[in-house]
Amino acid sequence: MQTKNRCAGSTTTAFILAFFLVVFTLVTVYLFVSKTWWFPETITPIGHEIDVQTQRTLWLTGIVFVLSQLGLAWVVWRYRNRGERARYSHGNNTLEVLWTLATALAFIGLGVLAQFTWAKIHLAEPEPDAVVIEVLGEQFAWNFRYPGPDGKFGRTRTELINSGAGNPFGIDRSDPAAADDIVVPILNVPVNRPIELRLRAKDVIHSFFVRELRLKQDAVPGLEIPLRFVAERTGDFELVCTELCGMGHQRMRAPFSVKTAAEYEQWLRDELALLQSNP
Amino acid sequence: MSTPSHVAAHVHAPPQGFLRKYIFSTDHKVIGIQYYLLALVAVFVGLVLSLLMRWKLAWPNDPVPWFGDGPMLPEQYLALVTMHGTIMVFFVLTTAPQSGFGNYFLPIQIGAADMAFPVINMLSFWTTFVSFLVMVAAFFVAGGAPISGWTGYAPLSAVGEIAGPGQGLGQTLWIVSIAIFCAASLMGALNFIATTIDLRARGLSLMRMPLTVWAWFITAILALLAFGVLLAAGLLLLLDRIAGTSFFVPGGLVFTDKPVPHQGGSPLLWQHLFWFFGHPEVYIAILPSMGMASHLLSTFSRKPIFGYRAMVYAMGAIGFLGFCVWGHHMFASGMSPYSAMAFSVLTMSIGVPSAIKTFNWIGTLWGGQIRFTTAMLFAIGFVSLFVTGGLSGLFLAQPPVDQPLHDTYFVVAHFHLIMGVAAIFGIFGATYYWFPKMFGRFLNEGLGKLHFWITFAGVYLIFVPMHLMGFFGQPRRYAEGTAVQFLSAMEGPQQFVTIAALVTGLAQLIFLFNFLWSLKWGRKAEAINPWRSTSLEWTIPSPPPHDNFGGRQPVVHHGPYEYSVPGEPEDFIPQDAPPRPAPATGD
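Line order of the protein sequences matches chains A and B. Throughout the first sequence, residue numbering follows my numbering, covering 112 to 390 in sequence. Throughout the second sequence, residue numbering follows my numbering, covering 2 to 588 in sequence.
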């Protein structure tokens, strides 16, 4: 009978398939445990929390991954065709209930846990003494506006927008509050102070992403979206765009620096002097 | 047992003439093959596009085949991104498993002579075909194909060529094509639903339907509810572009210092409408493969499905929850953080029915006598891929964890494994299994196994590294990593993935050759039921006659997966075999 013919081949195939699954599982686990390629160390408290939740998720999915793949390898090997009759069974309701409850508890529990971190990022009360910076995405550059010594952003008008002439925000310099508004293509923030970015977009959707902050937030035309963080460590990093915005998407980047308070204040003074000498 | 006096009204004389028989045919089997062949053409177009992209990513400054002497331009790369995604999602993953196999085998597996509405069926295929032509035409118009991705986010997609090359006529054709596709899918969905409800053979209760039929049925319901929304969204987007409306474009937008005359629209509205379709679409792609993989796992392990009812309920739950989770694509969009919480927990809960299915597949194999046919290898591969691709979803379902990973290669790896590769493995498995029924000849098993091994190893070599590249922060939809400093570290991994993709891509030619060669020279399928399967298609000749059952109306007496029943002479009981005197059940 054809059953017998197939028995011989099935041992080899079963072995190769089971072996493949085992090797694949081990290699994958190794790559994730050794973190072959991974985010650089975070520079914010919230980044640490995100990393902790990511680590929890890695554990849970890692366990399910290993058990499922090795379980599959095991049944493939153990239950290869040996020319016998298969076990006749339609299932087991106790098992169904058990694994439904177990996965529900694990997955939904993990999901609920994540919401606490999320709430800290997006639902926390704004800090009254935060450094407020406007971020404007355009094809294909980032612009940043600092309110200057008066702490107020001046008036802007759409018809004044002219990126070529250095006014991507459309700042109306006739407004006294606008006179000291600083517009730069680099994002500098002071260390250990609450920062509030206000994300806007001039043309299409862009997305603000700094790996060390673990933050990603779209800048949407017509909306102003706040993004708050505190950087604990100084250093130079990169801000990139992570929402497809057109042909120059992959070159839409900006330097992002966390500076000491003194360096930051000095930089602001230099920029202001530059603005006033060249109005 | 035949009852010639009750021949269904749908039985009609076989058509004469080439045109009515093979081109404008109303025979669900011909239409199924037409859909399958359309998907076959589309999948190779999509595959070539992806390999060109991979080439550019690995060697950004070198010339790319067919793209002239210089390096590929970023806008050309983005056009490839857009068209690859669109063609694969719509014309392959929606077309082959549901419209292709579903059309061919749903009526037969329920014992019907044809679909409920054969003319609408024909119309639905030809509408899809027109949609494909319009989509491909976007490559050849001024400005070229659109560059806004398969998600077509507004305002990039809504304001015309001011937003970039390809955003003119190319983008318009893209939207028109999608709208036509929606109309076709709605017709198909109605037909599938009506057929399943009305045309089942006597004795074929819902809980005796093969899991393939359940999968096609649930998928059709999803398609009916999802494609209508995409159609509406597409029309609104079209109006924004050609009629000056502002559904998705807010006021005050300025492109390279030129204001656009729109006001009052919302870019987030497009995202909500798109993903209200787009998330169920993931299940439209994967559910039929779940059904087909289940069918193969049971057949080739010679065991009944473990937890048949649980499998049906899990598919229903996935279908229902699939409509409640679209917002998880929008955690970074600026949507209310409170909505994100609801979408997140609902998304995590969709992991539960998915896990149930996985455990039941392994349970089905447990205690079996596994036959490692090529079809079975692909079905087992499907389970492995479904697990790997599904688990990464648990990261993306949690907003804080998603935040750094969103729009990186981690997402690319996740959805390619689960909705791309896993679904394709279901299609491959089904192809090796049903080819003898459809064409009267077998696919070559040796070539099939070679194809399986290279593809299975290949897809993991491509997509496992991509997860880690996502964890490194590699953004997706970047034509090159040359402008961003930290991406210089990704050069090696990009080249590795490209080489793996080129090898895996080339291996698909083995399948293509096997398919075409076997049509003419494959081993003849002499036996009606070579795999010793239980479902009704294996009770009729290969290929089946025009009205499937030759005027006979099958009567179903058995569940769909009665394998290895104790005391039976054979290790399977066809669904229409005469009833047995109260067999011992092992539930």
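Here a beta-carbon is modelled for each residue, glycine too, at the ideal position from N, C-alpha and C.
Top-ranked residue by Cα proximity to isoleucine 243 of chain B, from B/Tyr434, B/Pro268 and B/Leu174: Locating residue 243 of chain B in the second sequence gives position 242, where the first residue counts as 1. Residue B/Leu174 is the option with its Cα nearest to isoleucine 243 of chain B.
If we define contact as Cβ-Cβ less than 7 Å, is serine 295 of chain B a contact residue for chain A? In the second sequence, counting from the first residue as 1, residue 295 of chain B sits at position 294. Judged by the 7 Å Cβ criterion, serine 295 of chain B is not in contact with chain A.
Checking contacts by CB at 7 Å: is isoleucine 174 of chain A closer than that to chain B? By 1-based counting over the first sequence, the position of residue 174 of chain A is 63. So, not an interface residue.
Between which two residues does the alpha helix (DSSP H) carrying valine 49 of chain B extend? For this step, residue 49 of chain B is matched to residue 48 along the second sequence. Residues 29-59.
Spatial neighbours of tryptophan 271 of chain B in its chain, beta-carbon cut-off 6 Å, leaving aside the 5 residues before and after: As a working mapping, residue 271 of chain B is identified with position 270 in the second sequence. Correct list, in chain order: Ala155 and Phe249.
Is there a Cβ from chain B that is less than 7 Å from the Cβ of asparagine 192 of chain A? Numbered from 1 along the first sequence, position 81 holds the residue referred to as residue 192 of chain A. Any Cβ of chain B closer than 7 Å to the Cβ of asparagine 192 of chain A would place that residue at the interface, and such an atom is present.
With DSSP run on the structure shown, which of helix, strand or coil describes leucine 350 of chain A? Taking the first residue of the first sequence as position 1, residue 350 of chain A is located at position 239. Under the three-state reduction of DSSP output, leucine 350 of chain A falls in the strand class.
Determine whether the beta carbon atoms of proline 151 of chain A and arginine 322 of chain A lie at a separation below 7 Å. Looking up residue 151 of chain A in the first sequence gives position 40. Looking up residue 322 of chain A in the first sequence gives position 211. Yes, the Cβ-Cβ distance between proline 151 of chain A and arginine 322 of chain A is below 7 Å.
Below 8 Å, how does it come out for the region 22-39 of chain B and the region 326-337 of chain A: are there three or more Cβ pairs, yes or no? Segments in contact, no.
Would you mind telling me which residues of chain A sit closer than 8 Å to aspartate 258 of chain B, beta carbon to beta carbon, in chain order? Residue 258 of chain B sits at position 257 when you count from the first residue of the second sequence. Ordered by position in chain A, the residues that pass the 8 Å Cβ test against aspartate 258 of chain B are Ile272, Asn273, Ser274 and Gly275.
If you scan the region 322-376 of chain A from start to end, which runs of the beta strand (DSSP E) of 3 or more residues do you find wholly inside it? Those beta strand (DSSP E) runs which fall completely within the region 322-376 of chain A and span 3+ residues are 326-330, 336-341, 346-352 and 364-370.
Is there at least one Cβ from chain B nearer than 7 Å to lysine 263 of chain A's Cβ? Locating residue 263 of chain A in the first sequence gives position 152, where the first residue counts as 1. Not one chain B Cβ lies under 7 Å of lysine 263 of chain A.
Which residues in chain A sit within 7 Å of glutamate 481 of chain B, going by Cβ to Cβ distance? Stepping through the second sequence from its first residue, residue 481 of chain B is reached at position 480. The answer, in chain order, is Gln361.
State yes or no: is the C-beta of threonine 168 of chain A within less than 7 Å of the C-beta of arginine 325 of chain A? Here residue 168 of chain A refers to the residue found at position 57 of the first sequence. Here residue 325 of chain A refers to the residue found at position 214 of the first sequence. Threonine 168 of chain A is not a Cβ neighbour of arginine 325 of chain A, given a cutoff of 7 Å.
Which of helix, strand or coil does DSSP assign to phenylalanine 140 of chain B? Position 139 of the second sequence, counting from 1, holds the residue named residue 140 of chain B. Coil at phenylalanine 140 of chain B, not helix or strand.
Run through chain A and tell me which residues come within less than 8 Å of phenylalanine 464 of chain B, C-beta to C-beta. Sequence index remark: in the second sequence, residue 464 of chain B carries index 463 (1-based). Taking a Cβ-Cβ threshold of 8 Å, none of the residues of chain A is close to phenylalanine 464 of chain B; the smallest such distance is about 10 Å.
What separation, rounded to the nearest whole angstrom, lies between the Cα atoms of tyrosine 284 of chain B and glycine 323 of chain B? For the purposes of this step, residue 284 of chain B is identified with residue 283 of the second sequence, where counting begins at 1. For the purposes of this step, residue 323 of chain B is identified with residue 322 of the second sequence, where counting begins at 1. Here the C-alpha atom of tyrosine 284 of chain B lies approximately 7 Å from the C-alpha atom of glycine 323 of chain B.
So, does the CB of tryptophan 210 of chain A fall closer than 7 Å to a CB anywhere in chain B? Counting from 1 along the first sequence, the entry for residue 210 of chain A is found at position 99. Yes - at least one Cβ of chain B is within 7 Å of the one on tryptophan 210 of chain A.
So who's on the other strand from glutamate 538 of chain B, going by DSSP bridges? Along the second sequence, read from residue 1 onward, the residue named residue 538 of chain B stands at position 537. Answer is none; glutamate 538 of chain B lacks a bridge partner.
For histidine 7 of chain B, count neighbouring C-beta atoms within 10 Å of its own C-beta (all shown protein chains included) and say buried if the count is 16 or more, exposed if not. Looking up residue 7 of chain B in the second sequence gives position 6. Its pLDDT being 44, under 50, histidine 7 of chain B is placed unreliably in this model, and the coordinates cannot settle the point.
How long is the line joining the alpha carbons of phenylalanine 19 of chain B and leucine 124 of chain B, rounded to whole angstroms? To locate residue 19 of chain B, count along the second sequence from 1; it is residue 18. To locate residue 124 of chain B, count along the second sequence from 1; it is residue 123. Taking the straight line from one Cα to the other gives about 18 Å.
Kindly indicate which residue of A/Leu271, A/Phe130 and A/Glu382 has the alpha-carbon position closest to the one of aspartate 291 of chain A. Against the first sequence, residue 291 of chain A aligns to sequence position 180. Per the C-alpha coordinates, the member of A/Leu271, A/Phe130 and A/Glu382 positioned closest to aspartate 291 of chain A is A/Glu382.
Which residues of the region 386-397 of chain B have a Cβ closer than 8 Å to any Cβ of chain A? Give them in chain order. Listed in sequence order: Val388, Thr389, Leu392, Ser393, Leu395 and Phe396.
Return the bridge partner residues of valine 394 of chain A from the DSSP annotation. Because residue 394 of chain A is not part of the residues shown, which for chain A are 112 to 390, the question remains open.
Output needed in chain order: residues of the region 354-379 of chain B with a Cβ under 8 Å from some Cβ in chain A. Within the region 354-379 of chain B, the qualifying residues are Ala356, Ile357, Thr359, Phe360, Asn361, Ile363, Gly364, Leu366, Trp367, Gly368, Gly369, Gln370, Ile371, Arg372, Phe373 and Leu378.
CB contact check: glutamine 328 of chain A to chain B, cutoff 7 Å: In the first sequence, the residue the question calls residue 328 of chain A occupies position 217. Cβ-Cβ to chain B under 7 Å: yes for glutamine 328 of chain A.
With a threshold of 8 Å, are at least 3 pairs of Cβ atoms found where one atom belongs to the region 273-293 of chain B and the other to the region 158-176 of chain B? Here the region 273-293 of chain B does not lie against the region 158-176 of chain B, with fewer than 3 beta-carbon pairs under 8 Å apart.
Collapsed DSSP secondary structure at tyrosine 257 of chain A in the structure displayed: Here residue 257 of chain A corresponds to residue number 146 of the first sequence, with the count starting at 1. Tyrosine 257 of chain A: strand per DSSP, three-state reduction.
Spatial neighbours of lysine 263 of chain A within its chain, please: CB distance less than 7 Å, with the 5 preceding and 5 following residues excluded, ordered by chain position. Here residue 263 of chain A refers to the residue found at position 152 when the first sequence is read from its first residue. Take lysine 263 of chain A, set aside five residues on each side of it, and the residues of its chain with a beta-carbon closer than 7 Å to its own are Ala288, in chain order.
Can you grab the Cα-Cα spacing for the pair glycine 222 of chain A / serine 345 of chain B, in whole Å? Here residue 222 of chain A refers to the residue found at position 111 of the first sequence. Here residue 345 of chain B refers to the residue found at position 344 of the second sequence. Using only the alpha carbons, I get a separation of about 7 Å.
DSSP-derived helix/strand/coil call for alanine 638 of chain B: No information on residue 638 of chain B is available, as it lies outside the stretch 2 to 588 that chain B covers here.
Run through DSSP, which three-state label would alanine 202 of chain B get? Reading the second sequence from its first residue, position 201 is the one you call residue 202 of chain B. The DSSP-derived three-state label of alanine 202 of chain B is coil.
Any beta carbon of chain A sitting closer than 7 Å to that of histidine 263 of chain B? Numbered from its first residue, the second sequence carries residue 263 of chain B at position 262. Proximity of histidine 263 of chain B to chain A, defined by a Cβ-Cβ separation below 7 Å, is not satisfied.
By Cβ distance below 8 Å, which residues in the same chain neighbour threonine 519 of chain B in space, the five residues on each side in sequence not counted? Locating residue 519 of chain B in the second sequence gives position 518, counting from the first residue. One detail in the question is off: residue 519 of chain B reads as serine in this sequence, not threonine. Cβ neighbours of serine 519 of chain B within its own chain (closer than 8 Å, five residues either side excluded): Phe436, Phe440, Arg442, Phe443, Leu444 and Asn445.
Given a threshold of 16 other Cβ atoms within 10 Å of its Cβ, counted over all protein chains shown, does proline 579 of chain B qualify as buried or as exposed? Sequence index remark: in the second sequence, residue 579 of chain B carries index 578 (1-based). That one is exposed.
Counting only beta-carbon atoms, is aspartate 63 of chain B nearer than 7 Å to chain A? Within the second sequence, numbered from 1, the residue matching residue 63 of chain B stands at position 62. For aspartate 63 of chain B, the answer is no, since every Cβ of chain A falls outside 7 Å of its Cβ.
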